[in-house]
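In what follows, a single structure is set out as structure tokens and then discussed.
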Amino acid sequence: MKKNYKVLDASAFIGGYRPTDKNNFTISEVTEELKDIQSRMIMENALKDRLLNILEPDHDGLKTVKLTIKESGDVLRLSNTDKKLLALALNVKKIYGDVILITDDYSIQNVSKLLKIPFKSVLTSGIKEVYGWKKVCRGCKKEYDDDYLWDECEICGSDIYKRRIKKGNKSKL
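Okay, structure coming up:
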């Protein structure tokens, strides 16, 4: 029988997902994102029952995620916790072969598709297409690199915003 390994985001616990086997992984930072009592209890019970393992991703996984999100523009939308969670999913996939990332976070799902890691939502329908993000001036439409630090355009002084751009992958994993 094929085992299913799962990497759990905070949104999995917030959405009420309860691990039922020992093949569940997350990172320590996810515990800090759980603010409500119910989701904290779900996680604590899973840890107590040894249905959840807290691991740290390796350097190679983090490097792959950082390169992928820089290319897609998701670097503008993902926290360090999100990046580590994606890297952990890559590590679990490398070690065990089959992994599903449990998350309702659309940006994590977007990068998950780019990394060819299947995902499952708990409360939402999940993403349908892959998108990237670009910094653009509202006034003159000048495009900026992700590392541009200011909120105003250097040419016209208008606000800079993040514009969604299609990446073209329409297949659901």
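Residue numbers (the numbering used here): 1 to 173.
C-beta: ideal position from N, C-alpha, C; glycine also.
Since this is a predicted model, take the numbers as computed values, not measurements.
Whether residue i touches residue j by CB criterion (8 Å)
i, j, result
"lysine 174", "isoleucine 100", "This structure leaves residue 174 out entirely; the chain is present only between 1 and 173."
"asparagine 24", "leucine 51", "yes"
"lysine 134", "isoleucine 165", "yes"
"valine 174", "leucine 78", "In the structure as shown, the chain begins at 1 and stops at 173. Residue 174 is therefore absent and cannot be evaluated."
"isoleucine 108", "lysine 120", "no"
"valine 122", "tyrosine 17", "yes"
"aspartate 9", "leucine 62", "no"
Under the three-state DSSP convention, the category residue i falls into
i, result
"tyrosine 144", "strand"
"leucine 114", "helix"
"isoleucine 155", "coil"
Beta-carbon separation (whole angstroms), residue i vs residue j, contact threshold 8 Å
i, j, result
"leucine 90", "isoleucine 117", "7 Å"
"leucine 88", "isoleucine 27", "6 Å"
"serine 11", "aspartate 104", "4 Å"
"asparagine 4", "aspartate 151", "Contact doesn't hold; Cβ gap of about 44 Å is too wide."
Near the ligand NAD: residue i beta-carbon under 7 Å from a heavy atom
i, result
"lysine 66", "Absent from the structure shown: the ligand NAD. Ligands present: none."
Candidates the options, of which the one nearest residue i by Cα
i, options, result
"serine 39", "Asn4, Asp49, Glu33 and Phe13", "Phe13"
"aspartate 146", "Val75, Thr20 and Tyr106", "Val75"
"aspartate 21", "Ala46, Asn80 and Cys137", "Ala46"
Checklist line | 3 or more residues per run - each beta strand (DSSP E) lying fully within the segment 18–72 | finding: 24–26
Check: Which parts of the segment 66–109 are runs of the beta strand (DSSP E), unbroken and 3 residues or longer, counting only runs that do not cross its ends?
Finding: 99–102
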